[in-house]
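What the sequence shown shows, in this note's numbering, is residues 438 to 741, in sequence order.
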Amino acid sequence: LMQLFRPLDMLGWVYRTIRQGMIDMADMFRLLDKPVEVDDKPGAPALITRRPGVTFENVSFGYDKDRQILHGLSFEAPAGSTVALVGPSGAGKSTIGRLLFRFYDPWEGRICVDGQDIALVTQHSLRQQIGIVPQDTVLFNDTVRYNIAYGRDDPSDDQVRQAAEDASILPFIQELPKGFDTEVGERGLKLSGGEKQRVAIARTLLKDPPILLLDEATSALDSRTEQDIMSTLKRVSADRTTIAIAHRLSTIADADLINVMESGRIVEQGSHVELLRRDGLYAEMWNRQQNEDADPEEERDAAE
Ligand code: ATP
Numbered sequence: 438l439m440q441l442f443r444p445l446d447m448l449g450w451v452y453r454t455i456r457q458g459m460i461d462m463a464d465m466f467r468l469l470d471k472p473v474e475v476d477d478k479p480g481a482p483a484l485i486t487r488r489p490g491v492t493f494e495n496v497s498f499g500y501d502k503d504r505q506i507l508h509g510l511s512f513e514a515p516a517g518s519t520v521a522l523v524g525p526s527g528a529g530k531s532t533i534g535r536l537l538f539r540f541y542d543p544w545e546g547r548i549c550v551d552g553q554d555i556a557l558v559t560q561h562s563l564r565q566q567i568g569i570v571p572q573d574t575v576l577f578n579d580t581v582r583y584n585i586a587y588g589r590d591d592p593s594d595d596q597v598r599q600a601a602e603d604a605s606i607l608p609f610i611q612e613l614p615k616g617f618d619t620e621v622g623e624r625g626l627k628l629s630g631g632e633k634q635r636v637a638i639a640r641t642l643l644k645d646p647p648i649l650l651l652d653e654a655t656s657a658l659d660s661r662t663e664q665d666i667m668s669t670l671k672r673v674s675a676d677r678t679t680i681a682i683a684h685r686l687s688t689i690a691d692a693d694l695i696n697v698m699e700s701g702r703i704v705e706q707g708s709h710v711e712l713l714r715r716d717g718l719y720a721e722m723w724n725r726q727q728n729e730d731a732d733p734e735e736e737r738d739a740a741e
């Protein structure tokens with residue numbers, strides 16, 4: 438009988454692996470414009486992680502041969518730390534996320550997770566370790582439960598509930614007419630940007646990855662929602678190695694390390710206080726955003 442079940446078991450595993458891969462791809466949709474498949478090296482081992490830190494060592498990269506985007510980037514995110522990437526649009530922040538998820542290989546240099554070059558381990562084992570909270574979460578036309586559990590290995594109701602609670606969306610769900618069975622998405626209840634992001638956080642919590650990639654939304658949430666989401670993310674990222682792409686500097690001011698990027702280079706690196714003291718690009722961006730916060734009219738004008 439076991440002989441009969443083993444292939445079925447295998448099929449289940451293959452199905453779950455593909456489904457998991459699909460949700461990761463969907464999560465990456467914003468980070469990813471044009472997927473290029475990289476291959477596993479023959480006989481590549483799985484990534485082995487205990488408490489994984491992430492290092493970029495002299496990484497250079499371009500999507501096309503004749504246009505280099507990243508120029509010799511180096512930074513370290515020790516296990517459990519939060520490292521922020523900030524800088525003007527087009528500086529290369531999302532590209533770093535795509536390289537970490539290994540949608541592309543660097544031209545030069547290497548990216549290591551827990552001391553292992555990610556180009557030498559299987560993509561599957563790498564991607565299992567990374568959770569992504571994207572800018573925009575795509576919801577499926579299905580129930581809240583389905584949307585939180587999507588791509589995960591048949592989590593129990595308790596696990597889904599716990600993830601919702603940890604993502605601070607449980608009270609909202611409990612107030613819905615059908616709770617977790619409420620239909621959402623285009624054809625159901627439309628969720629706000631902040632609520633969708635919380636669903637994404639709950640989804641990521643079910644995956645429970647040691648590394649988090651946060652891609653902050655460019656479209657501003659109202660500041661109260663933003664503050665709420667930030668405090669949720671802070672809690673969620675506390676014990677995980679977190680790479681946070683940020684547009685609003687106030688959201689990453691307490692990161693352990695802030696990389697300020699411009700035209701594919703890290704032009705400043707340090708803590709918030711160190712960077713303010715330096716009075717360079719970061720200080721300029723910070724002062725500008727402070728002024729915009731003091732005068733929201735101006736911010737709206739600038740966003741248009
Ligand atoms: P933003 O803050 O606007 O999201 P960013 O700092 O994340 O910007 P990236 O998305 O990393 O910037 O883009 C860096 C550069 O790479 C840009 O000049 C962009 O045009 C280019 N680029 C991004 N994706 C691709 C792609 N798939 N193919 C070719 N070039 C790309």
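Positions of the beta carbon are idealized from the N, C-alpha and C atoms, including for glycine. The model shown is predicted, which means the values in this text are computed figures rather than measured ones.
Within the same chain, Cβ atoms closer than 6 angstroms to the Cβ of Ile555 are found at Arg539, Ile548, Leu563, the five residues on either side in sequence being excluded.
Annotation for Asp477: no beta strand (DSSP E) segment contains it, and DSSP assigns it neither H nor E. Using a Cβ distance threshold of 8 angstroms, Ala683 and Leu643 do not count as a contacting pair.
In the structure shown, the three-state DSSP call for Gly490 is coil. Looking at Ser497, Leu484, Gln566, Ile638, the one whose alpha-carbon comes closest to that of Thr532 is Ser497. Under the three-state reduction of DSSP output, Ile555 falls in the helix class. Relative to the Cα of Asp579, the nearest Cα in the group Val636, Ala720, Ala690, Pro479 belongs to Val636. Contact between Thr669 and Gly517 is absent: CB atoms are separated by about 18 angstroms, not below the 8 angstroms threshold.
Across the structure, Gly552 and Gly622 are spaced so that their CA atoms are roughly 41 angstroms apart. In this structure, the straight-line span from the alpha carbon of Ala690 to that of Pro479 is close to 43 angstroms. At a cut-off of 7 angstroms, the beta-carbon of Asp501 counts as near the ligand ATP: some heavy atom of the ligand is closer than that. Ile695 and Asp590 have their C-alpha atoms some 35 angstroms from each other.
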